[in-house]
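Report on one structure; see the data block that follows.
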Amino acid sequence: MTKETRPYVSWELMQNFMTDAFMAAGLPQEDAEICTDILLESDRRGIESHGSNRFKPIYIDRINEGILNPVTRYEVIKDTPATLVVDAHDGMGMVAGYKAMNTIIEKAKKCGIAMAVIRNSSHFGIAGYYTTMASHQGLIGISGTNARPSIAPTFGVENMLGTNPLTFSFPTDEPFDFILDCATSIVQRGKIELYARNGEPTPKGMVVGKDGTAKTDSIQILKDLVDGEAALAPLGGIGETLAGYKGYGYATVVEILSSALSVSPFLKALTNIDASGHKKPYHLGHFLICINPDFFMGEESFRHTTGEILRELRNSKKAPDQERIYTAGEKEWIIWNERKDKGVPMGESVQKEFIAVRDMYHLNYKFPFE
Numbered sequence: 001m002t003k004e005t006r007p008y009v010s011w012e013l014m015q016n017f018m019t020d021a022f023m024a025a026g027l028p029q030e031d032a033e034i035c036t037d038i039l040l041e042s043d044r045r046g047i048e049s050h051g052s053n054r055f056k057p058i059y060i061d062r063i064n065e066g067i068l069n070p071v072t073r074y075e076v077i078k079d080t081p082a083t084l085v086v087d088a089h090d091g092m093g094m095v096a097g098y099k100a101m102n103t104i105i106e107k108a109k110k111c112g113i114a115m116a117v118i119r120n121s122s123h124f125g126i127a128g129y130y131t132t133m134a135s136h137q138g139l140i141g142i143s144g145t146n147a148r149p150s151i152a153p154t155f156g157v158e159n160m161l162g163t164n165p166l167t168f169s170f171p172t173d174e175p176f177d178f179i180l181d182c183a184t185s186i187v188q189r190g191k192i193e194l195y196a197r198n199g200e201p202t203p204k205g206m207v208v209g210k211d212g213t214a215k216t217d218s219i220q221i222l223k224d225l226v227d228g229e230a231a232l233a234p235l236g237g238i239g240e241t242l243a244g245y246k247g248y249g250y251a252t253v254v255e256i257l258s259s260a261l262s263v264s265p266f267l268k269a270l271t272n273i274d275a276s277g278h279k280k281p282y283h284l285g286h287f288l289i290c291i292n293p294d295f296f297m298g299e300e301s302f303r304h305t306t307g308e309i310l311r312e313l314r315n316s317k318k319a320p321d322q323e324r325i326y327t328a329g330e331k332e333w334i335i336w337n338e339r340k341d342k343g344v345p346m347g348e349s350v351q352k353e354f355i356a357v358r359d360m361y362h363l364n365y366k367f368p369f370e
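Take the sequence shown: its letter number 48 is residue 48 in the working numbering, and every next letter is one higher.
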């Protein structure tokens, strides 16, 4: 493991500062606390592409640009014993996702299975946050969201589908849940943003240009993705040789579940540029599913069987020179145990962003890296 050289910022300081900054941007306190916790959960798990790295550019900047509403008007469009349809009115996707998941958790406790769809929403952080809301209560959580066009369909070069994560969390009898939180693209836009921040190239084969060739310049890729001059490859890679059609298919499944059930915009309609070239809200769609094992053979047996499966996988024969086999959620658990007493490691570019937000809102904070 590479030795961490970035300075750490305590969880308490991060929690307090980000909450105060969100409130200064116009969020009610409860909503600010929800959004802060979801972003910091990414950092707790080591998913830095969706944590404090995105605090300013994805949320604060969009609020200031007028394309993201800081006050989320959470409107229930349809409500049945096992389903929920919500309109977020271009507010904070994290707030809408949190409230909807809490609702269907209670529905699943009564009905066995429940599902929510959310329309006219915005980026809602890691999809795995919502699924673990369920698994922490002994339930199965499933979630997904569409996103601005980034992925080209197999044999195509035009960005049509979003990175469209499909996420599952299962409760186990181990100290950590099984959490599979993956984009359906071979790489996430957030990862390329991280490459760009660190001055690193994007590995060859992850992004295709309009001429069909691979692109590696991370800063240029971010521009080209917006301009439609490049697209991410679906999970598996370009073409059929490495089964990129599978990632393309799963991305399409997420797109349909995120839009068709709620009658929401999809594909190219999710761009944030209108016909006049001006920025506009994204109008994203999300779906959340909750399943109660007690309506099958029970939570305890589900936890035990799931744990046995994971243990057998980890104990299977390892490849030469490999020390261990991991199961989904395990690495995130390890990272949390490494970081829980240290805080969030923060690179220079994010340090500058936090200072800029502090100064913008005249907040009385001093960071340890100053």
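Ideal Cβ placement from N, Cα and C applies to all residues, glycine included.
{"Asked": "Residue burial classification, residue 258 (beta-carbon count within 10 angstroms, cutoff 16)", "Found": "buried"}
{"Asked": "Sequence-distant residues of its chain with Cβ nearer than 6 Å to residue 33 (five each side left out)", "Found": "19"}
{"Asked": "Identity of the residue in 330, 148, 98, 90 nearest residue 134 by Cα", "Found": "98"}
{"Asked": "Residue burial classification, residue 362 (beta-carbon count within 10 angstroms, cutoff 16)", "Found": "exposed"}
{"Asked": "Same chain, Cβ closer than 6 Å to residue 82, neighbours up to 5 away in sequence not counted", "Found": "107, 111, 114"}
{"Asked": "Backbone CA spacing between residue 167 and residue 339 [nearest angstrom]", "Found": "24 Å"}
{"Asked": "Alpha carbon of residue 71 to alpha carbon of residue 178, nearest angstrom", "Found": "33 Å"}
{"Asked": "Where the alpha helix (DSSP H) containing residue 75 begins and where it ends", "Found": "Taken as a continuous stretch (DSSP letters only), residue 75 belongs to no alpha helix (DSSP H), being part of the beta strand (DSSP E) at 75-79."}
{"Asked": "Straight-line gap, residue 359 to residue 302 (C-alpha atoms, nearest Å)", "Found": "50 Å"}
{"Asked": "The segment 226-242 / the segment 119-135 touching (three or more Cβ pairs under 8 Å)", "Found": "no"}
{"Asked": "Residue environment, residue 155, which counts as buried when at least 16 other CB atoms sit within 10 Å", "Found": "exposed"}
{"Asked": "Inter-stretch contact (C-beta, 8 Å, three-pair minimum) for the segment 143-162 and the segment 298-312", "Found": "no"}
{"Asked": "Per DSSP, the bridge partner or partners of residue 234", "Found": "185"}
{"Asked": "Of the listed residues 85, 26, 22, nearest to residue 56 (C-alpha basis)", "Found": "22"}
{"Asked": "Per-residue burial, residue 326 [other beta carbons within 10 Å of its own, 16 or more giving buried]", "Found": "exposed"}
{"Asked": "Burial state of residue 218, where buried means 16 or more other Cβ atoms lie within 10 Å", "Found": "buried"}
{"Asked": "Top-ranked residue by Cα proximity to residue 54, from 100, 73, 126", "Found": "126"}
{"Asked": "Bridge-paired residues (DSSP) for residue 167", "Found": "143, 181"}
{"Asked": "Beta-carbon proximity of residue 149 to residue 139, cut-off 8 Å", "Found": "no"}
{"Asked": "Sufficient close CB pairs (3 or more, under 8 Å) joining the segment 4-20 to the segment 340-359", "Found": "yes"}
{"Asked": "Identity of the residue in 292, 322, 278, 287 nearest residue 371 by Cα", "Found": "Residue 371 is absent from the structure shown; the chain starts at 1 and stops at 370."}
{"Asked": "Nearest-angstrom Cα separation, counted from residue 29 out to residue 216", "Found": "41 Å"}
{"Asked": "Nearest neighbour of residue 89, chosen from 74, 103, 102, 95 [CA to CA]", "Found": "74"}
{"Asked": "Residues bridged to residue 287 [DSSP beta-bridge criterion]", "Found": "117, 144"}
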